[in-house]
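**Student:** Positions -24 to -1, 1 to 162 (mature numbering (1 follows the signal peptide of the UniProt record, and there is no 0)) are the ones given, in order, by the sequence shown. The beta carbon of each residue, even a glycine, is placed where N, CA and C say it ideally should be.
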Amino acid sequence: MKSKLIGACALAALAAGLSTQAEADVWWQLDNVVFDDGGTVSSGQFAINIYGYILNWPASSVSVTTTAGSTITSGVTYVGGGVNYPTDDTVSFSNPANPYGRVFELQFQYALTTATADDPIIGGWECVSAADNCPGNPTSIRYVNLSSSPYAAAPEAPTWAMMILGAGLLGLGGTAMRGRLRLLAA
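#1: What did DSSP end up calling alanine 23 once you bin it into helix, strand or coil?
#2: Could you tell me if glycine 149 is buried or exposed, where buried requires 16 or more neighbouring beta carbons within 10 angstroms of its beta carbon?
#3: Assuming residue 171 contacts isoleucine 24 under a Cβ cut-off of 8 Å, what Cβ separation, rounded to an integer in Å, is found between them?
#4: Label aspartate 94 either buried or exposed according to how many other C-beta atoms from any shown protein chain fall within 10 Å of its C-beta, with 16 as the threshold for buried.
#5: Drop a sphere of 10 angstroms on the beta-carbon of serine 123, count the other beta-carbons inside from all chains shown, and report buried for 16 or more, exposed for fewer.
#6: Buried or exposed for isoleucine 140, please, with buried defined as at least 16 other CB atoms from any protein chain shown within 10 angstroms of its CB.
#7: Does DSSP put leucine 88 in a helix, in a strand, or in coil?
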């Protein structure tokens, strides 16, 4: 029994020490993102899964207000269309009623799958596109202030492994002690 308990403890220590990245969906909440030219994204949310792709297209809606010289219409709902690669730092939004119309993108400081408590938006642009991303030369670049989009970080896998295995080992140890006490009492 001691050897099994020692083996289980060794496995728990090994699992807790592994340097693995959190594998959980990352939910993004956008609140009052303000562009330097006066444009705003009032609210919306989207999720990036562990492979770096937006979940359940359309994931969520974002309202975009009219800006001077822009054809983005106030009150039109723009939907997250996806990211291109697992390490991408940019997400694009388009109007599902007119997918060949205006698109806007938000660029974050870190990759969208990075588990961090705050990922500032460092840029944005808009363009007319036949796809869900801006090709070649976007029509305008609109930078935003840095601290615009905090999101809840996903829990780290080694932390979860330590908690689950630790609770399991405590239960296993308690069961073994009860069995030993029964044998002694008999």
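**Tutor:** Result, derived from the coordinates:
#1: strand
#2: exposed
#3: With the chain running from -24 to 162 in the structure shown, residue 171 is simply not present.
#4: exposed
#5: Model confidence at serine 123 stands at a pLDDT of 43, short of 50, so the residue's coordinates are unreliable and nothing is read from them.
#6: exposed
#7: coil
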